[in-house]
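Participant: Provided herewith is a single structure, encoded as structure tokens, for subsequent inquiry.
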Amino acid sequence: MAKRSIDRAKAAKKDEFYTQLEDINNELRHYREHFRGKTVLCNCDDPRVSNFFTYFAYNFEFLGLKRLITTCYKNQDMDLFSQNQSEQAVYLVYDGDKNGNHIPTAEDIGVKPLKGDGDFRSNECIELLKEADIVVTNPPFSLFREYVGQLMEYGKKFLIIGNQNNATYKEIFHLIKDNKVWLGYKSGDMSFRVPANSEERATRFWIDSKGLKWRSLGNICWYTNLDIQKRHEDLILYKTYTPEDYPKYDNYDAINVNKTADIPSDYDGVMGVPITFLAKYNPEQFCILGLSASAGYNADIVGIPFKGEKDARPLINGKNTYARIFIKYKK
6 MAKRSIDRAK
16 AAKKDEFYTQ
26 LEDINNELRH
36 YREHFRGKTV
46 LCNCDDPRVS
56 NFFTYFAYNF
66 EFLGLKRLIT
76 TCYKNQDMDL
86 FSQNQSEQAV
96 YLVYDGDKNG
106 NHIPTAEDIG
116 VKPLKGDGDF
126 RSNECIELLK
136 EADIVVTNPP
146 FSLFREYVGQ
156 LMEYGKKFLI
166 IGNQNNATYK
176 EIFHLIKDNK
186 VWLGYKSGDM
196 SFRVPANSEE
206 RATRFWIDSK
216 GLKWRSLGNI
226 CWYTNLDIQK
236 RHEDLILYKT
246 YTPEDYPKYD
256 NYDAINVNKT
266 ADIPSDYDGV
276 MGVPITFLAK
286 YNPEQFCILG
296 LSASAGYNAD
306 IVGIPFKGEK
316 DARPLINGKN
326 TYARIFIKYK
336 K
């Protein structure tokens, strides 16, 4: 157990990714009606560099927020508007503009010390979580399962950033299958600013003209349980089924579909589609039956009978395909 904690700590240092304000604004504009009268918590955010804090603080009155709470890990500034370093973890509380200039200032924001290190799993941070209506942040990728599990345990609404492959985790996939969690609007490539001590040999890494370090990740998406119009829009499909274009798997009674846009409009059976299908998924149009992403067969995850002997990954003429989600039409 101790070794696992150490490994998690090492991994956490490598997944500090600071989200761009443009990406936050482009996604959150679809959710504005959800925020009126609500308390928002950003519990993985250093306000000196967090654009989540910037977005909600500067749009506080526009969104009609009740309160904004931000917690940050130790080694943060006690005074948001100075460069004085402190080992003390803090949390910030913003209840809106007090001096009429509509700009969040030190006088408007309450900066309070935390007894612990600001970890979202600590008791005092959980107490702040209980106060929140909606959680919005970019949590550590290495702790994604644990982070979502906590949100579900406390029944919180949320909008968070994660890797698209997180959807293949059994804990996350069950939530998606049961329509308790779904993908937001943006899905694909996103660029993040990373800490100054980040390894420069990382893939898709660069340093800009100001000396700031950046990384680009190509399979990023937003996970949420806030209802959005997109998930009620039917996917318009034009392809028709032929056995030549849609071969059946060797080990499953299902046809293979390589691209979401190629889903046949006239096939009533089970179809294996790529993970990217989740970005277009409408639960009123399709039913998710299961997921096959590993060599081992788990009926609870895969959701349909296994016809093979060993390798549970979808096989076509003995060759493995990529992970597939099994779906059927509802209508």
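The sequence shown begins at 6 in the numbering used here and counts up one residue at a time. Just so it is clear, CB atoms sit at the ideal spot from N, CA and C, and this is done for glycine as well.
1) Can you tell me which of the three DSSP states I11 falls into?
2) Please classify K235: does DSSP put it in a helix, a strand, or coil?
3) Would D122 be called buried (16 or more neighbouring beta carbons within 10 Å of its own) or exposed?
4) Going by the beta-carbon positions, is the gap between K312 and Y251 smaller than 8 Å?
5) Is there contact between the region 202-220 and the region 66-80, where contact requires at least three CB pairs shorter than 8 Å?
6) What is the DSSP secondary structure of G323, reduced to helix, strand or coil?
7) Just tell me which of G323, P269 and S192 has its CA closest to the CA of A284.
8) Alpha carbon to alpha carbon, how far is K71 from S297?
9) Taking the beta carbon of G115 as the centre, do at least 16 other beta carbons fall within 10 Å, making it buried, or is it exposed?
10) With a CB to CB cut of under 6 Å and the five nearest residues on each side skipped, what residues in its chain are close to C226?
11) For K335, name the three-state secondary structure that DSSP assigns.
12) Can you tell me whether DSSP reads Y190 as helix, strand or coil?
13) Could you give the residue range of the beta strand (DSSP E) that holds R72?
14) Suppose you measure from the CA of L119 to the CA of Y96; what does that come to, to the nearest Å?
15) Identify, in the order they occur along the chain, each residue of the same chain with its Cβ nearer than 6 Å to the Cβ of Q90, setting aside the five sequence neighbours on each side.
16) Do I165 and A172 have their CB atoms nearer than 8 Å?
17) Are V278 and Y228 closer than 8 Å when you measure CB to CB?
18) In angstroms, rounded to a whole number, what distance separates the CA positions of D124 and Y99?
19) Near T142, which residues of its chain fall below 7 Å by C-beta distance, leaving aside the five closest residues on each side in sequence?
20) Count the other CB atoms, across all protein chains shown, that sit within 10 Å of the CB of Q234; report buried if there are 16 or more and exposed otherwise.
21) Apart from the five residues just before and just after P109, which ones in its own chain have a Cβ nearer than 8 Å to its Cβ?
22) For Y286 and A201, what's the separation of their Cα atoms in angstroms?
23) Quick check: the Cα distance between T75 and D232, rounded to an integer number of angstroms?
24) Which class does S87 belong to by DSSP, given the choice of helix, strand or coil?
25) Grouping DSSP H, G and I as helix and E and B as strand, with all else coil, what is Y23?
26) State the Cα-Cα distance for the pair L85 and I241, rounded to the nearest angstrom.
27) Give the secondary structure of S299 by DSSP, where H, G and I count as helix, E and B as strand, and everything else as coil.
28) Going by the beta-carbon positions, is the gap between F197 and Y23 smaller than 8 Å?
29) What whole-angstrom Cβ distance do G154 and E132 have, given they're in contact under 8 Å?
30) Alpha carbon to alpha carbon, what distance is there between G301 and G42?
Facilitator: In this structure, then:
1) Any answer about I11 is weak, because its pLDDT of 30 lies below 50 and its placement is not dependable; what the coordinates show is given next. In the structure shown, I11 sits in a helix (DSSP, three-state: H, G or I).
2) helix
3) Looking at its Cβ environment, which holds fewer than 16 other Cβ atoms inside 10 Å, D122 is exposed.
4) No, Cβ-Cβ distance for K312 and Y251 is not below 8 Å.
5) The region 202-220 makes no contact with the region 66-80, as fewer than three CB pairs between them are under 8 Å.
6) coil
7) The shortest Cα separation from A284 among G323, P269 and S192 belongs to S192.
8) 43 Å
9) exposed
10) Q169, L188 and S192
11) coil
12) strand
13) R72 to C77
14) 7 Å
15) Below a pLDDT of 50, predicted positions are generally treated as unreliable, and Q90, at 48, falls in that range; the measurement from the model is reported next regardless. Excluding sequence neighbours, Q90 sits near nothing in its chain.
16) no
17) No, these two residues do not count as a Cβ contact at 8 Å.
18) Going by the C-alpha atoms only, they are around 20 Å apart.
19) C47, N48, C49, D50, F57 and I165
20) exposed
21) Around P109: A62, Y63, F65, Y99 and D102.
22) 38 Å
23) 24 Å
24) A caution first: S87 carries a pLDDT of 35, below 50, which makes its placement in the model unreliable, though a value can still be read off. Reduced to three states, the DSSP call for S87 is coil.
25) strand
26) Confidence at L85 is low in this model, with a pLDDT of 42, below 50, so its placement is unreliable and no value can be given for it.
27) coil
28) yes
29) Incorrect: roughly 18 Å between the Cβ atoms, too far for contact.
30) So the alpha carbons of these two residues sit roughly 47 Å apart.
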